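Sequential numbering of the sequence shown, starting at 1, is according to the UniProt record's numbering. Each residue gets a CB set at the ideal place from its N, CA and C atoms; glycine is no exception. These figures come from a predicted structure and were not determined experimentally.
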Amino acid sequence: MSNERIGCSLADAAATSTYMEYLEPASRSTSLHVIYINTKLETKAYAHELVPTITCTSSNVIQTILQAFAQVPDLTIWYGPDSYMGANIVELFQQMTVMTDEEVAAIHPEHNVDSIKKLL
Numbered sequence: 001m002s003n004e005r006i007g008c009s010l011a012d013a014a015a016t017s018t019y020m021e022y023l024e025p026a027s028r029s030t031s032l033h034v035i036y037i038n039t040k041l042e043t044k045a046y047a048h049e050l051v052p053t054i055t056c057t058s059s060n061v062i063q064t065i066l067q068a069f070a071q072v073p074d075l076t077i078w079y080g081p082d083s084y085m086g087a088n089i090v091e092l093f094q095q096m097t098v099m100t101d102e103e104v105a106a107i108h109p110e111h112n113v114d115s116i117k118k119l120l
């Protein structure tokens with residue numbers, strides 16, 4: 001068996017002072033930190049000291065964020081450490097602004113086009 005370290009570069013990216021500096025402003029507003037599941041426990045714990053933090057996977061991140069906004073409409077989401085996924089999430093929400101209310105509700109029943117525009 002190899003002694004080579006197996007890890008996740010995305011999770012490792014959050015275990016830096018730069019990532020914690022990114023989260024610092026989150027402690028000053030109504031915020032939720034949504035963090036990738038493979039992120040190190042120490043990073044999650046430290047982040048949670050600054051701001052409420054919930055762990056997600058790539059398969060449930062959209063529902064997690066939409067549910068959070070349904071419950072706290074003036075919320076600010078801090079997503080990380082996967083900036084590529086973060087950009088895709090923003091793009092999806094932008095695309096949802098040109099859908100019908102029925103199409104948006106099919107993705108999350110507590111949302112419509114107006115609520116999606118507000119979360120952007």
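By how many angstroms is the C-alpha of residue j removed from the C-alpha of residue i?
i, j, result
"residue 19", "residue 13", "7 angstroms"
"residue 54", "residue 69", "13 angstroms"
"residue 125", "residue 82", "In the structure displayed, the chain extends from 1 to 120; residue 125 sits before or after that span and is not available."
"residue 102", "residue 63", "16 angstroms"
"residue 60", "residue 90", "15 angstroms"
"residue 117", "residue 48", "28 angstroms"
"residue 41", "residue 8", "13 angstroms"
"residue 84", "residue 25", "21 angstroms"
Round the Cβ separation of residue i and residue j to the nearest angstrom and send it over; I've been treating them as touching at under 8 angstroms.
i, j, result
"residue 78", "residue 108", "In fact, because the Cβ distance is near 20 angstroms, the residues do not count as touching under 8 angstroms."
"residue 30", "residue 75", "6 angstroms"
"residue 50", "residue 23", "5 angstroms"
Between residue i and the rest of its own chain, which residues show a CB-CB distance below 6 angstroms, the 5 nearest in sequence each way excluded?
i, result
"residue 120", "93"
"residue 87", "none"
"residue 57", "37"
Since residue i sits in a beta bridge, which residues does DSSP pair it with?
i, result
"residue 56", "36"
"residue 64", "DSSP, once it has assigned bridges, lists no residue as partnering residue 64."
"residue 76", "31"
Here's a check: name, in chain order, each residue in its chain whose Cβ is nearer than 7 angstroms to the Cβ of residue i, leaving out the five neighbours to either side.
i, result
"residue 44", "35, 53 and 55"
"residue 17", "none"
"residue 104", "96, 111, 112, 113 and 116"
"residue 72", "30"
"residue 27", "50 and 51"
For residue i, I'd like the list of residues in its chain whose CB is within less than 8 angstroms of its CB, leaving aside the five on either flank, ordered along the chain.
i, result
"residue 110", "66, 67 and 70"
"residue 46", "20"
Please decide whether residue i counts as near chain C, where near means a Cβ-Cβ distance under 7 angstroms.
i, result
"residue 13", "Looking at the structure shown, chain C is missing, and only one protein chain is on hand."
For residue i, does the count of other Cβ atoms within 10 angstroms reach 16, so buried, or fall short, so exposed?
i, result
"residue 39", "buried"
"residue 106", "exposed"
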